[in-house]
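Trainee: Residue numbers (the numbering used here): 394 to 527.
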């Protein structure tokens, strides 16, 4: 788990941290590249929509996958904004496509979890996560 910086450096830092972590875990470049794009989209959303509800956190963890698939590696961005995800669409213009990109690249294995922060004092919020594609 990593604390993410406030401001526009948030997505870049998230990509960098995730790239290093996935390399250490032995993920191939193609999967790591897709994961970096997805984490960048989630970090951008946190910065743009929950910027005043930080600090934000990047999580990398193992969770039980769908029935019959076994454990999967998941990445998440936590923020303290206590609301649901905005709607998403492929046709909404120049912005608003980030969650659609995450849905496609993760093969539909993504979601939102109401939870508490892991770094510092526990604070309520949400984690938007995706599973790394096989």
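Positions of the beta carbon are idealized from the N, C-alpha and C atoms, including for glycine.
Under the three-state reduction of DSSP, which class applies to residue 450: helix, strand or coil?
Mentor: strand
Trainee: Could you name the residues of the same chain whose beta carbon sits closer than 7 Å to that of residue 424, not counting the 5 residues immediately before and after it, in chain order?
Mentor: Closer than 7 Å at the Cβ level, and outside the excluded window around residue 424, lie 525, 526.
Trainee: Taking the continuous beta strand (DSSP E) assigned at residue 507, which residues delimit it?
Mentor: 503-509
Trainee: From the DSSP output, in three-state form, read off residue 486 for me.
Mentor: Because residue 486 sits at a pLDDT of 47, beneath the cut-off of 50, its placement in the model cannot be relied upon, and the point is left open.
Trainee: In chain order, what residues of the same chain lie with their CB nearer than 8 Å to the CB of residue 509, ignoring the 5 residues before and after it?
Mentor: 515, 516, 517, 518
Trainee: Based on Cα-Cα distance, which residue from 504, 499, 399, 507 lies nearest to residue 441?
Mentor: Residue 441 has its Cα closest to that of 399, out of 504, 499, 399, 507.
Trainee: Since residue 451 and residue 407 are thought to touch, with beta carbons under 8 Å apart, how far apart are those beta carbons, to the nearest angstrom?
Mentor: 5 Å
Trainee: Tell me the rounded alpha-carbon separation between residue 443 and residue 418.
Mentor: 30 Å
Trainee: Answer with buried or exposed for residue 427, where buried requires no fewer than 16 other C-beta atoms within 10 angstroms of its C-beta.
Mentor: buried
Trainee: May I ask you to report which of helix, strand or coil DSSP gives residue 397?
Mentor: Strand, per DSSP.
Trainee: Could you tell me how far apart the beta carbons of residue 470 and residue 410 are, in whole angstroms, since I believe they sit closer than 8 Å?
Mentor: About 11 Å; that fails the 8 Å criterion.
Trainee: Using DSSP with H/G/I as helix, E/B as strand and the rest coil, what is residue 444?
Mentor: coil
Trainee: Compute the Euclidean distance between the alpha carbons of residue 456 and residue 439, then round it to the nearest angstrom.
Mentor: 22 Å
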